[in-house]
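Residue numbers for the sequence shown follow this note's numbering, so the first one is -1 and each next one is one higher. Contents: one structure, followed by commentary.
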Amino acid sequence: MRAMRPAAALGARISLRELDVTDIDDAVAIVGDDEVTQWLSFDARDSYETAAMIQGVMERAALSPRTEYYLAVTPSTSIQMIGFARLGLEGVKAANLGYSIRHADWGKGYATDAARTMTTFGFEVLGLHRIAATIGPDNNASIAVVEKLGFTYEGCIRDHVFTNGAWRDSLLFSVLECEWKLANHLLAEPGGDTGPRPEAP
Ligand SMILES: CC(C)(COP(=O)(O)OP(=O)(O)OC[C@H]1O[C@@H](n2cnc3c(N)ncnc32)[C@H](O)[C@@H]1OP(=O)(O)O)[C@@H](O)C(=O)NCCC(=O)NCCS
-1 MRAMRPAAAL GARISLRELD VTDIDDAVAI VGDDEVTQWL SFDARDSYET AAMIQGVMER
59 AALSPRTEYY LAVTPSTSIQ MIGFARLGLE GVKAANLGYS IRHADWGKGY ATDAARTMTT
119 FGFEVLGLHR IAATIGPDNN ASIAVVEKLG FTYEGCIRDH VFTNGAWRDS LLFSVLECEW
179 KLANHLLAEP GGDTGPRPEA P
């Protein structure tokens, strides 16, 4: 499997790029917000915790082999980070997908485009075979994102994460490389919307 560094990809309305220390303030607006973290597996982080988180992301990005692509989501027209998209490589040619968008920008299609762009990056650039997403049962916005992208529901992982002081189930969704390519092929017919191809890093 190829390792890409620095990684970057273009979507229809967002771009993905590597994180750096200048992103800390924008990151606090995401992972420091309870509206966002209530759906994640950790509590809201202050600026020190967020700086440590970004430092960790940067260190892991430099590892060989690379096991994580934790990228900043920016609108196409700006370099300001408004969210994260992550592929955590796990197992054989497999990865877990995650994403977050700052609360002020929910409902604009950014997560759908970021998840689509990251999934295409995973299959076409990294050569993955399977991409999975685990989502809280009440997280209807995130479920809508993977369903729009054609992920298949596989089942419920019981007591999967401990968050907000309690165990929580996750719903497991996945998409395989052949399904993704087939769907994009079909959508590439006249009138279809394939979404853009990733930019080679
Ligand atoms: C989940 C999240 C990333 C979605 O971001 P977003 O940019 O608002 O998502 P999009 O605009 O691309 O699409 C959201 C879809 O969910 C739908 N949606 C939003 N809230 C919903 C709700 N309560 N019930 C059902 N659908 C909902 C929207 O209508 C939209 O679908 P549509 O395009 O068919 O109308 C964002 O809410 C977030 O950051 N949440 C906190 C972190 C998180 O949950 N991350 C995922 C962990 S698995």
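Where a beta carbon is used, it is the ideal one built from N, C-alpha and C, also for glycine. Predicted model only: the values in this text are computed from it and were never measured.
(message) Quick check: the Cα distance between Arg64 and Asp136, rounded to an integer number of angstroms?
(response) Residue mapping note: residue 64 aligns to position 66 of the sequence shown, counting from 1. Residue mapping note: residue 136 aligns to position 138 of the sequence shown, counting from 1. Taking the straight line from one Cα to the other gives about 32 Å.
(message) Spatial neighbours of Val29 within its chain, please: C-beta separation below 6 Å, excluding the five flanking residues on both sides.
(response) The count along the sequence shown starts at 1 and reaches residue 29 at position 31. Excluding positions up to five away in sequence, the list reads Arg43 and Thr48.
(request) Identify, in the order they occur along the chain, each residue of the same chain with its Cβ nearer than 7 Å to the Cβ of Tyr151, setting aside the five sequence neighbours on each side. (result) Taking the first residue of the sequence shown as position 1, residue 151 is located at position 153. Excluding residues within five positions, the ones whose Cβ falls inside 7 Å are Leu169 and Phe171.
(request) Report the three-state DSSP secondary structure of Ala6 (helix, strand or coil). (result) Residue mapping note: residue 6 aligns to position 8 of the sequence shown, counting from 1. Strand.
(request) Give me the Cα-Cα distance between Asp31 and Thr117, rounded to the nearest whole angstrom. (result) For the purposes of this step, residue 31 is taken as residue 33 along the sequence shown, with counting starting at 1. For the purposes of this step, residue 117 is taken as residue 119 along the sequence shown, with counting starting at 1. Taking the straight line joining both Cα atoms gives about 26 Å.
(request) Return yes when at least one heavy atom of ligand 1 lies under 8 Å from the C-beta of Ala139, else no. (result) Walking along the sequence shown from the start, residue 139 turns up at place 141. Yes.
(request) Excluding the 5 residues preceding and the 5 following Val144 in the sequence, name in chain order all residues of the same chain whose CB lies nearer than 6 Å to its CB. (result) Along the sequence shown, read from residue 1 onward, the residue named residue 144 stands at position 146. Excluding positions up to five away in sequence, the list reads Ala131 and Phe171.
(message) Does Glu33 come out as helix, strand or coil in the three-state DSSP assignment?
(response) Translated into the one-based positions of the sequence shown, residue 33 becomes position 35. Correct three-state label for Glu33: helix.
(request) From the DSSP output, read off the bridge partner residues of Ser98. (result) Against the sequence shown, residue 98 aligns to sequence position 100. Answer is Phe82, bridged to Ser98.
(message) Buried or exposed for Ile77, going by 16 or more other Cβ atoms inside 10 Å?
(response) In the sequence shown, the residue the question calls residue 77 occupies position 79. Classification for Ile77: exposed.
(request) Work out the CA separation of Ala70 and Met79 for me, nearest whole Å. (result) Within the sequence shown, residue 79 is the residue found at index 81, counting from 1. Within the sequence shown, residue 70 is the residue found at index 72, counting from 1. Rounded to whole angstroms, Met79 to Ala70 spans 6 Å at the Cα level.
(request) May I ask you to report which of helix, strand or coil DSSP gives Leu180? (result) As a position in the sequence shown, residue 180 is number 182, starting the count at 1. If DSSP states are grouped into helix, strand and coil, Leu180 belongs with the helices.
(request) Can you say whether Leu17 is buried or exposed, counting buried as having 16 or more other CB atoms within 10 angstroms of its CB? (result) Along the sequence shown, one-based indexing puts residue 17 at 19. The residue in question, Leu17, is buried, as its Cβ has 16 or more Cβ neighbours within 10 Å.
(request) Go ahead and label Pro4 buried or exposed: buried means 16 or more other beta carbons lie within 10 angstroms of its beta carbon, across all protein chains shown. (result) Indexing the sequence shown from 1 puts residue 4 at position 6. It is exposed - the Cβ of Pro4 has fewer than 16 other Cβ atoms within 10 Å.
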